[in-house]
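Listed in order, the protein sequences are those of chains A and B.
Take 86 as the starting number for the first sequence in our numbering and just add one per residue.
Take -10 as the starting number for the second sequence in our numbering and just add one per residue.
Each residue gets a CB set at the ideal place from its N, CA and C atoms; glycine is no exception.
Quick caveat, the model's predicted, so the values are computed rather than measured.
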Amino acid sequence: MNIFRLAGDLFHLISIFILIHKMTTSKSCSGISFKSQALYLLVYVTRYLDLFWTFALYNSTMKIIFIGSSAYVLHLMTGPFKPTHDPNIDTFKVRYLIGGAAILALLFPYKWTPAEVLWTFSIWLESVAILPQLFMVQRTGAAETITTHYIFALGAYRALYIPNWIYRYLTSTFWDPLSIIAGVIQTVLYSDFFYIYYTKVLQGRKFELP
Amino acid sequence: VASDAAKDEL
């Protein structure tokens, strides 16, 4: 554990808190991509299968929180707040993301075991799971401030894992090419968003695409 | 295996 990873994980928790807070206080899930949320649940379920055979207090607790909160968000979106979700603006073709991640996972896992292939699948899928959400923001051309805070916190989480990997490489020669390449791709996908977030939202203006 | 080290991350 180091400060970068801890901060990254905290940002991840904060992003989930912001999302659930936004939905429960406004009683609406407008502006949130159901497809991205469903992909995240798929990511957590396929990555955290090791809950069944490994236990570490910090990791196991976080894994259960991520799976549980993700399932709760999907419950809110398909149950109580379903009328506020507009599928007509949530049209990103997720089958290509799932297909691409599945192909990469089958071709280049560290070991050809079900758990390793699913873990690799989850790493690739997570790197692109935000795309339906970003696509939705791009289509509507604007986003509620709270939604932008959510996307920022989620992006900051993986961005902070990069200095974590550099730190781990320098202190214990940790080197996991898959996590690192996918993590960098994930962070790059957020970069445009980060730029607009910094230049607009943090200066008190509305998030609107130029 | 590289992924064993990565498994201690989230």
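Using 8 angstroms as the threshold, is the stretch 171 to 185 of chain A in touch with the stretch 193 to 200 of chain A, meaning 3 or more CB pairs across them?
no
Just verifying my parser: in three-state terms, what is the DSSP assignment at ALA190 (chain A)?
helix
For PHE84 (chain A) versus CYS114 (chain A), is the C-beta distance shorter than 8 angstroms?
The first residue shown for chain A is 86 and the last is 295, placing residue 84 (chain A) beyond what the model contains.
Output the distance between the C-alpha atoms of PHE29 (chain A) and VAL202 (chain A), rounded to the nearest integer angstrom.
In the structure as shown, chain A begins at 86 and stops at 295. Residue 29 (chain A) is therefore absent and cannot be evaluated.
Below 8 angstroms, can you find three or more Cβ-Cβ pairs linking the stretch 228 to 242 of chain A to the stretch 211 to 218 of chain A?
yes
Residue nearest to HIS234 (chain A) in terms of C-alpha spacing, selected from A:SER100, A:GLY289, A:GLY153:
A:SER100
Does the stretch 147 to 163 of chain A come close enough to the stretch 119 to 134 of chain A to have 3 or more Cβ pairs within less than 8 angstroms?
yes
Answer yes if the stretch 108 to 126 of chain A comes into contact with the stretch 216 to 232 of chain A, meaning at least three C-beta pairs across the two stretches below 8 angstroms, and no otherwise.
yes
Would VAL158 (chain A) pass as a contact of ILE105 (chain A) if the rule is Cβ separation under 8 angstroms?
yes
CA-to-CA distance, ILE208 (chain A) to ALA186 (chain A), given in whole angstroms:
8 angstroms
Is the beta carbon of ARG90 (chain A) closer than 8 angstroms to that of GLU(-2) (chain B)?
yes
Chain B partners of ARG90 (chain A), CB-CB under 8 angstroms?
GLU(-2)
What are the boundary residues of the alpha helix (DSSP H) that VAL213 (chain A) is part of?
199 to 213
Environment of HIS97 (chain A) [buried if 16+ CB atoms lie within 10 Å]:
buried
Rounded separation between GLY226 (chain A) and PHE292 (chain A) - CA only
8 angstroms
Alpha carbons only, please: which of A:SER111, A:ALA92, A:ASP94 is nearest the one belonging to THR232 (chain A)?
A:SER111
If ILE265 (chain A) and TRP250 (chain A) are in contact, beta carbons under 8 angstroms, what's the gap, nearest whole angstrom?
5 angstroms
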